[in-house]
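Count along the sequence shown from 1, then add 19; that gives the number in our numbering.
Glycine is no exception: its CB is placed at the ideal position from the N, C-alpha and C atoms.
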Amino acid sequence: MLCFPHRLLFLGALGLALGCVSPFALAAAPKKPAARPAAVKPAAPAAKESAPVVLEPASIDNEKGRDINEVCAACHGKYGQGGKRGEYPRIAGQRVTYLKDQLKSFRARQRINIPMYPYTQERELPDEDIDAVSAYLAKIELPTQWPEFKDSDDALTRLEAMDRVMIIPRAEGNIENGKTLYQKECYTCHGTDGRGRGRFPMLVGQYTNYLKKQTDAYRKGERPHDEKGVTGVLNTLKDQDIQDVLAYLTSIQNP
């Protein structure tokens, strides 16, 4: 395992708030002899965006990201499940591009979070480290149902498996109204299933009180929204409407 003594001494927590894009080398195709024009085929329909591939932490081949996450775990938990019932948000399974954007935003002081600032400075978390830990966290799976065990599973195996389970309690609110509002105002960026899309974050499976806190910050102008104009949409909703959307998100957390 890689060792980062300067980071382990200086860092103590990673207070990240609330997708995965891998670079590929594109080889140019060799030129072919001229041929008669082929019939123009209609364009294929756009593929439906799929959820990020998630895996158990031990199976993720990203030693550097795993090492850096040992520092993040002080606040966000060993598996990125968050802590203190949402005071520290869930970051496991989050969109990789979103994780990168937020870490860089903290570092540039575009997003103000005092606990985060020391841990995202260039000397402590350069771009390559941000890429590594973001890729690692994005692939962590947190089940939403209690596991089934074999008789041969020892106590430690059972405890670790149960520690990964992420079940958000059902929030109060009108789920049907929340569904209507979500499908009207939110799904374009956050996906029909609430699991994010591209650089827009996953909302489902996140702590309700954390989402409420961030929504309030958007509405008050205390946190800049990643998409210009969306903050205005939030300000058109009543407090109860937002609570209904949060209730809806807790109702669809099971795949």
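- Only residues of its own chain outside the window of five on either side were considered, and among them Cys94, His95, Gly96 have a CB closer than 8 Å to the CB of Gly102, listed in chain order.
- The Cβ-Cβ distance between Arg218 and Thr116 falls below 9 Å.
- Taking 9 Å as the cut-off, the beta carbon of Ala190 is found no closer than this to the beta carbon of Gln100.
- Residue state for Arg242 is assigned as coil, using DSSP reduced to three classes.
- Annotation for Ala111: no alpha helix (DSSP H) segment contains it, and DSSP assigns it neither H nor E.
- Leu265 sits close to Thr227, with the two beta carbons spaced by under 9 Å.
- Across the set Tyr267, Ala157, Lys239, Arg183, the C-alpha of Ala157 shows the shortest separation from the C-alpha of Arg216.
- Taken through DSSP and simplified to helix, strand or coil, Ile186 comes out as coil.
- In the displayed model, Gly102 falls within a strand according to three-state DSSP.
- When DSSP states are grouped into helix, strand and coil, Arg85 belongs to the helix group.
- A residue is called buried once 16 or more other Cβ atoms fall within 10 Å of its Cβ, and Gly112 is buried on that count.
- Cα atoms of His209 and Pro220: separation of roughly 6 Å, rounded to the nearest angstrom.
- Here the C-alpha atom of Asp146 lies approximately 26 Å from the C-alpha atom of Gln225.
- Relative to Lys232, the option among Arg214, Pro137, Leu253 whose CA is nearest is Leu253.
- Distance between Glu167 and Val184, taken at the CA atoms: about 12 Å.
- Between the beta-carbon of Ile159 and that of Tyr229 there is about 18 Å, and that puts the pair past the 8 Å contact cut.
- As the crow flies, the alpha-carbon of Asp173 is around 10 Å from that of Glu179.
- Only residues of its own chain outside the window of five on either side were considered, and among them none has a CB closer than 6 Å to the CB of Gln164.
- Beyond the five residues adjoining it in sequence on each side, Asn81 comes within less than 7 Å, by CB distance, of Ala151, Ala154, Tyr155 in the same chain, given in chain order.
- Taking a C-beta distance under 9 Å as the contact criterion, Arg130 and Arg242 qualify as a contact pair.
- DSSP places Phe168 outside both helix and strand once states are collapsed to three, so it counts as coil.
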